[in-house]
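Residue numbers (the numbering used here): 533 to 1224.
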């Protein structure tokens, strides 16, 4: 009987697929790429059509030897790496290393790791798609030419360990540009007037709109006084009542970008964590023998498509009608393909819509369950009927001065029964339904409140907001967002403050050098166009060598100028105002891999370093002598401990408040959510009233 060898990237994926295919198939894992460009040199022969010099990755010798041994025994070899550019490149490198003809039908792809999908894919093997391989090669070569030429310059002129990249440098510039916008922002004054109206013991709130039938902004106190001077008495005529029915459609299922954004907002997941957990759900979870063993729970998580297969739609419809009723089932059209989307495979969705989150509580970890629930709810909602809202607007007049009151209520919740998309912006106050008032009647204004406001600067980028902006600008692609955000933090170019990106001094120095000597690398429009050119290679519309050549000719000239004219930059250490307890010299603030820290200015003679501690004004409940300080983990998560550590080992993830529990005498702590703060006891059930 014929023996077949299947090669995938990961052992988890290999175990799942081998169970589906049966005894004639042996499934091995390559553990990712087996060949790559060398780390010690650029590895690109610019004189010979930018020929990459691939070598076997250090440490992959034993893996490759095992694959070659298995390949000799196999009658047929299938390469089943992930269904994207990276996966196609892995398959091509494997074909080269194992002497497989890449024009033979050796490539197998599937969008979900389920028994039916995997078995069906093996009925339709294909050749390796060289357009996809070339597109990946072009990106790799381009990034190597940029990174391996600019980074050594930065090491020489600024400090060792720095890097520059085609996507990461643009991301840093965006964060710096936003910080400059905030610093240069000049607030503008504006006013509002709110009134509480009553009629027959019913009250509602209205806001000034304008006068003489026109909307009028209130820019100053004088404008407010003018409006108030025109009012006569407290009675307002209800001039018009508008009632409308409005439909609210569900969001489409997740793409890579929208999943990262929503997981950041709703689950507080970093982009890297989202992709790591999604990979686990895709490759397979052991559901137990009764439920089919190891099973992939979601479709492939690197996608920019919102397309959904007809079978998945039908399955969702069946679940919705059975569990919520026929009226909740939607007749939703496929979302339009966004500009630049590759649409290679489906949106991110559960592989089996019938497998709801409740049924997986016992087999998934907390993070896996939370992410699966998010994906499942978003997909199910996308297949449900629109929500129907009743909206109402009342126009109130007094001597030509117009106030308006608006409200809404849910007439039919539709998809909102399952899921509502969140936003980076602060949530608006929930609108209330207004009393049923008739045109031509009068209401009384009980209280008029003028309020002064000032316009606010644009907010700093959260991870979600930055990913969304990068996607809108065409910078990078779904697979690059998470590693890009991770890199710019590890290099010390940006830091997170209250979950928002803030540029560091080092980031600003590197950005200014890039702006001066390599403006096209950090130009958003140029980077977006380059992404389009790289996508054209994938579509077979252009040759990858011509795109690289077009870029490199100008880049090489800029590189020569930078090597001659870039001056050495000294980043001066900031005095901390305290002395080193070991040698008496002044301590200074230094920038490290995980942010700022305190170090002795007498380095290298004195190597004393200390973390920067922030006192919270609370005495340690353990040793009674030390002060509680805020510290941070390497991943920037705040925690609280005694400044007498390691002599005192008190630690708390929640902020102590300096008061004791009236029930058990334990130190009370603050528990924070996105919306509220609650003081409670960590040892018993004592809780105080929540504060928003």
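No residue lacks a Cβ here, since even glycine has one placed at the ideal position from N, Cα and C.
None of the values given here were measured: they were computed from a predicted structure.
Residue 773 and residue 924 have their alpha carbons spaced roughly 7 Å apart. At the C-beta level, residue 933 and residue 759 come within 7 Å of one another. Judged by their CB atoms, residue 1025 and residue 595 are not nearer to each other than the 7 Å cut-off.
With contacts defined by Cβ atoms closer than 7 Å, residue 966 and residue 904 do not form a contacting pair. In terms of CA proximity to residue 1116, 1132 leads the group 1128, 1132, 1105, 680.
For residue 734, the enclosing beta strand (DSSP E) covers residues 734 to 743. With contacts defined by Cβ atoms closer than 7 Å, residue 545 and residue 793 do not form a contacting pair. Counting of Cβ neighbours within 10 angstroms places residue 1093 among the exposed residues, the total staying below 16.
Partner residues in the beta bridge of residue 776, as assigned by DSSP, are 923. DSSP places residue 755 outside any beta strand (DSSP E); the residue lies instead in the alpha helix (DSSP H), whose first and last residues are 753 to 762. For the segment 547 to 608, the continuous beta strand (DSSP E) assignments of 3+ residues that do not extend past its boundaries occur at 557 to 561, in sequence order.
Burial is judged here by how many other beta carbons sit within 10 angstroms of a residue's own beta carbon; residue 727 has at least 16 and is buried. Using a 10 angstroms sphere on the CB of residue 886, the tally of other CB atoms stays under 16, which defines it as exposed.
Nearest in C-alpha terms to residue 582, of all of 834, 663, 1078, 862, is 1078.
The alpha-carbon of residue 1018 is positioned some 34 Å away from that of residue 1180.
For the 7 Å CB-CB criterion, residue 723 and residue 756 form a contact. It is roughly 58 Å from the alpha-carbon of residue 1155 to the alpha-carbon of residue 937. Under the three-pair Cβ rule at 8 Å, the segment 1102 to 1116 does not count as touching the segment 1045 to 1063. In the three-state reduction of the DSSP assignment, residue 535 falls in the coil class. Here residue 612 carries a coil assignment [DSSP, helix/strand/coil]. In this structure, residue 954 sits away from residue 1142, with a CB-CB distance that is not shorter than 7 Å.
At least 7 Å separates the beta-carbon of residue 921 from that of residue 947. The residue among 833, 1055, 691 with its C-alpha nearest the C-alpha of residue 877 is 833. Under the DSSP assignment, residue 1018 falls outside any beta strand (DSSP E), being part of the alpha helix (DSSP H) whose first and last residues are 1010 to 1022. Residue nearest to residue 649 within the set 827, 1020, 1203, 940 is 827 (criterion: CA-CA distance). In the displayed model, residue 917 falls within coil according to three-state DSSP, outside both helix and strand.
Between the alpha carbons of residue 548 and residue 809 lies a gap of roughly 17 Å.
DSSP places residue 826 within a strand segment (E or B) once states are collapsed to three. Residue 1100 carries a coil assignment under DSSP once its states are collapsed to helix, strand and coil. Inside the segment 1127 to 1202, DSSP marks whole beta strand (DSSP E) runs of 3 or more residues at positions 1127 to 1132, 1146 to 1151, 1159 to 1164, 1170 to 1174, 1187 to 1192, from first to last along the chain.
A Cβ-Cβ contact shorter than 7 Å links residue 762 with residue 931. When secondary structure is reduced to three states using DSSP, residue 625 falls in the helix class.
Here the alpha carbon of residue 839 sits roughly 17 Å from the alpha carbon of residue 641. Residue pairing by DSSP places residue 1121 opposite 1106, 1130 in a beta bridge.
Spatial neighbours of residue 743 in its own chain (CB-CB distance under 8 Å, excluding positions within 5 residues in sequence) are listed in chain order as 759, 762, 932, 933, 934. The beta carbons of residue 1200 and residue 1216 sit no closer together than 7 Å.
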